[in-house]
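S.K.: This note's numbering applies: residue 337 is where the sequence shown begins, and numbers increase by one.
Glycine included, each C-beta is placed from N, C-alpha and C at the ideal position.
Treat the numbers as computed from the prediction; the structure is a model and nothing was measured.
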Amino acid sequence: MSCLAPDNREVRDSNLVTAWGNCGSEKRRSAEGGAREKLLYGICRMCMQGDCLTLVHVKEGVVTRVEGRPGVPPNFGNLCPRGNSAVMNLYNPYRIKNPLKRTNPQKGLDVDPGWVEISWEEALELVAQRFKEVRERDARGLVVCEGWGNRESILRVPFEKAFGTPNEVGSHGVLCTVHLGTDLVHSNFPISVVDLEYCQYHVTLGRSVGPNFATTGGIRKFAQALDRGMKLVVVDPRCSPEASKGEWVPIRPGTDLAFLLAMAHVMFYEIEKYDEWFLKNRTNAPYLIDEAGEYVRDKVSGAPLMWDPEEGRAKPWNSEFKDVALRGEYVVDGKKCEPAFEAVRRGFASYTPEWQEGITTIPAGTVRRIAREFVEAAQIGSTILIDGAEFPFRPVSLNCERNVMNHRGGTYADLVGKIINMLVGAIEVPGSCLGCGKRGPVLKPGDDGTVEPSYEAVGIPFTFPPLHADMAEFYPHRHTTPQMIAKAILEPEKYHLSYEIGAWLTIGGNPIKMVAQPQLFVEALKKIPFVVTIGYHMDEMAIMSDVVLPEHSFLERLRVAVFWPEHQAAAGETQSLKMVSMREPVPPLYNTKHVDEIFMEIADRMGILLGPGGVYDQLNELTDYIVGDEGLVLKEPYKLDINRKYSIEEIYDHMVKSWIGDDKGLDYLKEVGYYGYQLSRKYHYNYYYFPENKTRHPFYFYRLKKSAEKLREGLRKHGISFPGVKDEERVFELYKPVPIWVENAELRAPEEYDLYAINFKTPFFTNSVGDVQGNPWLRELTKDDPYEERIWINSETAKRKGLKDGDLVRIESRYGWTMGVLKVTELIHPEVIGVPGAYGPGTVQSNPRHRHGPHFNSLLSVDEETFDSISCGIEIGPRVKIVKVEQ
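(1) Can you give me the C-alpha to C-alpha distance between LYS1053 and PHE798, rounded to a whole angstrom?
(2) Quick check on this structure: which residue in ILE607, PRO435 and ASN440 has the alpha carbon closest to the alpha carbon of GLU458?
(3) Look up ASP626 in the DSSP assignment and say whether it is helix, strand or coil.
(4) Excluding sequence positions up to five away, which residues of its chain have a Cβ less than 7 Å from the Cβ of LYS395?
(5) Around the Cβ of GLU1082, are there at least 16 other Cβ atoms within 10 angstroms (buried) or fewer (exposed)?
(6) Alpha carbon to alpha carbon, what distance is there between ARG1084 and GLN692?
(7) Could you spell out where the alpha helix (DSSP H) holding PHE677 opens and where it closes?
(8) For ILE607, collect the residues of the same chain with a Cβ closer than 7 Å to its Cβ; drop the 5 residues on either side in sequence, then sort them by chain order.
(9) Which of helix, strand or coil does DSSP assign to TRP840?
(10) In whole angstroms, what separates the C-alpha of VAL514 from that of VAL851?
(11) Indicate whether ILE1210 and PHE1203 have their beta-carbon atoms separated by less than 8 Å.
(12) Cβ of PRO1190 less than 8 Å from any chain B Cβ?
(13) Helix, strand or coil: which one does DSSP assign to THR400?
(14) For the structure I just gave you, are there three or more beta carbon pairs, one from the region 1188 to 1195 and one from the region 877 to 897, closer than 8 Å?
(15) Starting from the Cα of PHE1037, find the closest Cα among ASN411, CYS388 and PRO622 and give me that residue.
(16) Should the region 546 to 564 be regarded as contacting the region 763 to 779, the criterion being three or more beta carbon pairs within less than 8 Å?
(17) If I measure Cβ to Cβ from LEU1051 and keep anything under 7 Å in the same chain, skipping five residues before and after, which residues do I get?
(18) Considering GLN465, what are the terminal residues of the alpha helix (DSSP H) in which it resides?
(19) How many angstroms separate the CA atom of GLY357 from the CA atom of GLY407?
(20) My understanding is that ASP634 touches ILE716, with C-beta atoms under 8 Å, so please give their C-beta distance in whole angstroms.
(21) Should ALA685 go down as buried or exposed, given a rule of 16 or more other Cβ atoms within 10 Å for buried?
(22) Could you pull the DSSP bridge partners for HIS393 from this structure?
(23) Rounded to whole angstroms, how far is the Cβ of TYR1004 from the Cβ of MET915, which I believe are closer than 8 Å?
(24) Taking just the CA atoms, how far does SER523 sit from ALA793?
(25) For the ligand ADP, is there any heavy atom lying closer than 7 Å to the beta carbon of THR1133?
(26) Based on the DSSP output, what are the partners of GLY871 in its beta bridges?
(27) Given a threshold of 16 other Cβ atoms within 10 Å of its Cβ, counted over all protein chains shown, does ASN295 qualify as buried or as exposed?
(28) Identify the continuous alpha helix (DSSP H) that holds ARG1084 and give its terminal residues.
(29) Answer yes or no: do SER1207 and MET741 have a C-beta to C-beta separation smaller than 8 Å?
(30) My assumption, with CB atoms under 8 Å, is that SER1205 sits in contact with TYR811. Please give the rounded CB distance.
(31) Report the option in GLN819, HIS832, LYS830 and ILE864 whose CA atom is closest to the CA atom of ASN846.
(32) Go through its chain and collect everything with a Cβ distance to ASP1141's Cβ below 7 Å, but skip five positions before and after it.
(33) Whose C-beta lies closer than 7 Å to the C-beta of GLU630 among residues of the same chain, with five residues either side of it excluded?
(34) Whose CA, out of ILE864, ALA749 and CYS388, lies closest to the CA of GLN1241?
(35) Could you say which of ILE555, ALA661 and VAL602 lies nearest to ILE625 if we only look at CA atoms?
(36) Count the other C-beta atoms from every protein chain shown that fall within 10 angstroms of the C-beta of GLN465, then say buried if there are 16 or more, exposed otherwise.
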């Protein structure tokens, strides 16, 4: 499908170039300023989302300003401080300016590598030769470590596939394991978001919308929703900026699961008002479950059965029903059984608001009030007409985000949140909780009638010895597991790693900084014979490398991108938006290269660029992992000839022509900057594609039960135990089809660790993309912020401990420590220490700013006993003690 022929669906705005205007007018105005001034179209890359459209002002060859592009989605001319500071990302004096080769065999964050500058030819030949040797021994021996630092590469994945390594590991996700529940229930990736276009009551736990994620488009939608009266309830240990715009409910870190179980209990046992139509027709809640937790199935078709109370018998789910039962006990073929709804409801019986009060510190009355308000605001039974299509209307959403799932039992917390939404029918309909990935027929049911997942909920098949060095076979639903690959490198026998890791390639990732226990990764990297970084500056991964290949800054990097539904929220002005845009690069300042040129040159020298199975062949078959074939993918007749070499510009030209059609390619985008259209808003809601009872969301999480059985079977078959844990039942108790309360590892820490530490992001430093930590313009802003680069403590807690504002303190967990300057405030729970941002630890050759501020991740554990064993998420709320440092 080309974008000029959007199948048979109604088009709201057929051409955004026409609809929003200003096409090329900025460049015309620039031309009037003379040849020494020009304007370039841009796409920002100063945060993870990285989709704000910009204008880059260039005067006499110098970039003088970056601003939002007026009138164009998703930011409509707005740009946050990070985006405005992008000029300094280009003119950063600490950038790597030439290819570097290590001469000092000793390695460490404070060890001088003894760099020597080498030519690109020497660097590429050296890397290609060493990679080729690894591939000839065992292609699994290459690890590619990726991250949000450079998610713009179009050839990284094709390179990995052509090389033959299964070992891609992300450094960014182990503290953000937020995906499995959304895939399992919504068949979407990466997360679920609130529909800010219609939502009237929003409960958020964890990261939440607003400045915690701080995308310009998301903030815009959030502000609009508040202006029209949406009520916001923020359950968080910290009073965030968004909490100040609604109701702040302080909670003890790591106890979100208890709060959610109690809220669900109130809905099940006290309010008892459900969206019965949704539960009966849109979930597996009516499926009959036997005493072993299995579906009761039809003897002939194998289909799960539901009970028809009008006929007094069980029938396959896809039969005609006058009604279906949600409650009761039945006997089918001699087996006692009950509807899944009954099993789930009974599982929540003991989780009263009073029970959770001692765990979370949230008053029981508050839980009851929020539950009642949520149910009342859901408007059960109401409908809404959108462009001629009728939908159920449920203007409520409860969303769990980062910091909620990163505890033992964190996956359960997310799934209980899904159950709460499903009880009122608030899944994938206007106003409710929506997946933020592909908008389309993704809710297609499988053989059992329930939504088929497409991502992490599918699971990795068990093989032994493990194929993946990151232990994916033992954590089949993991997001990323960089800590496990480091452990396996250091102790291969313990983790059954049967091959050697001979080379490590980093592109945009940094597990030393962004995971936990920095020294673990330092020691693992020391053990790898050949380490390469494609890098922008001398960060922790670069200084541990044998060769550093300098890449362009993002302003120097040609990019073409399609619009992805945003990670933060959904709202009308970008709903059903289909758009492609480009970044025109400024000339490179130094001897750097485009990252994809680097991949092509290495692959060419290795002999894996051309021909069947080569990089180009892999790229021809690649689909977008977020939006599938609606992404920037190659289609006939524009697929690459796998027997000739292309430039980056030529590849993008083929991609743009594939997307737009009519032979409109890169030259066309250079004139207009972006192109797209907006479909009718009804197509934004995935309910539209499978309405009524055409599909069912899992209310009873049967897939988890089956995953546990497959994992147990694999362990028993090969006579092994689960590596790294003393009692593997602690692993399997997190795979139950009905969520239960499980304590995380920190709730029973020794008494001397009397506080909890949490991390949160700020608008200046939401993550490390764009080297925001080293940016001097952002530093000018943050140095005057009394809450930035500080360690927060509650006023009463500080008084009790004899501490005051400005004290230098040491924070110690059972796993590590960090230091910082104290900020005494009322904006944090009395039991909590708050550490904002993403500071430290830095290296002997990094920007000195990288060594400022407390490094929160040093407080965290990589002990398997502390993980959520489904997602492999690291515990993010360690118990700590605070000690004043005398100066």
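M.R.: In brief:
(1) Cα to Cα, LYS1053 sits roughly 11 Å from PHE798.
(2) Looking at the Cα atoms, PRO435 is the closest of the given residues.
(3) Looking at ASP626 - three-state DSSP - the assignment turns out to be strand.
(4) Excluding positions up to five away in sequence, the list reads ARG372 and GLU373.
(5) For GLU1082, the number of other beta carbons within 10 angstroms of its own is at least 16, and it is reported as buried.
(6) Rounded to the nearest angstrom, the two C-alpha atoms are 16 Å apart.
(7) 676 to 683 is the span of the alpha helix (DSSP H), which, as asked, contains PHE677.
(8) Taken in chain order, the residues that qualify are ALA707, ARG708 and VAL711.
(9) Looking at TRP840 - three-state DSSP - the assignment turns out to be strand.
(10) Rounded to the nearest angstrom, the two C-alpha atoms are 15 Å apart.
(11) Here ILE1210 is near PHE1203, since their CB atoms are less than 8 Å apart.
(12) The question asks about chain B, but that chain is absent: this structure has only one protein chain.
(13) Secondary structure of THR400 (DSSP, three-state): strand.
(14) No: the two stretches stay apart, fewer than three of their Cβ pairs being nearer than 8 Å.
(15) With distances taken between Cα atoms, PHE1037 lies closest to PRO622.
(16) In short, these stretches do not touch, since the Cβ pair count stays below three.
(17) Hits under 7 Å: SER1057 and PHE1058.
(18) Boundaries of the alpha helix (DSSP H) harbouring GLN465: 456 to 473, taken from the DSSP string.
(19) Residue placement at GLY357 is poorly supported in this model, since its pLDDT is 42, which falls under 50; the coordinates still yield a value, given next. For GLY357 and GLY407, the distance between alpha carbons rounds to 8 Å.
(20) Actually they are not in contact, since the Cβ atoms of ASP634 and ILE716 sit about 32 Å apart, beyond 8 Å.
(21) Around the C-beta of ALA685, fewer than 16 other C-beta atoms lie within 10 Å, and the residue is accordingly described as exposed.
(22) HIS393 is bridged to LEU375 and ARG401.
(23) So it is not a contact: roughly 14 Å between Cβ atoms.
(24) Their backbone Cα atoms lie some 9 Å apart in a straight line.
(25) As far as ligands go, the structure on display features none, and thus does not contain the ligand ADP.
(26) For GLY871, the pairing in a beta bridge is given by DSSP as PRO886.
(27) Nothing can be reported for residue 295, as the shown portion of the chain is limited to 337 through 1223.
(28) Premise fails: ARG1084 is in no alpha helix (DSSP H) and is neither H nor E.
(29) Yes, they are a contact pair.
(30) With a Cβ gap of about 7 Å, SER1205 and TYR811 count as contacting.
(31) Scanning GLN819, HIS832, LYS830 and ILE864 for the CA closest to the CA of ASN846 turns up GLN819.
(32) So the qualifying residues of the chain are LEU1158, LYS1159 and VAL1160.
(33) Cβ within range, chain order: n/a, list empty.
(34) The question about residue 1241 has no answer here: the residues shown for the chain are numbered 337 through 1223.
(35) Of the listed residues, the one whose Cα sits closest to ILE625 is ALA661.
(36) Per the 10 Å Cβ criterion, exposed.
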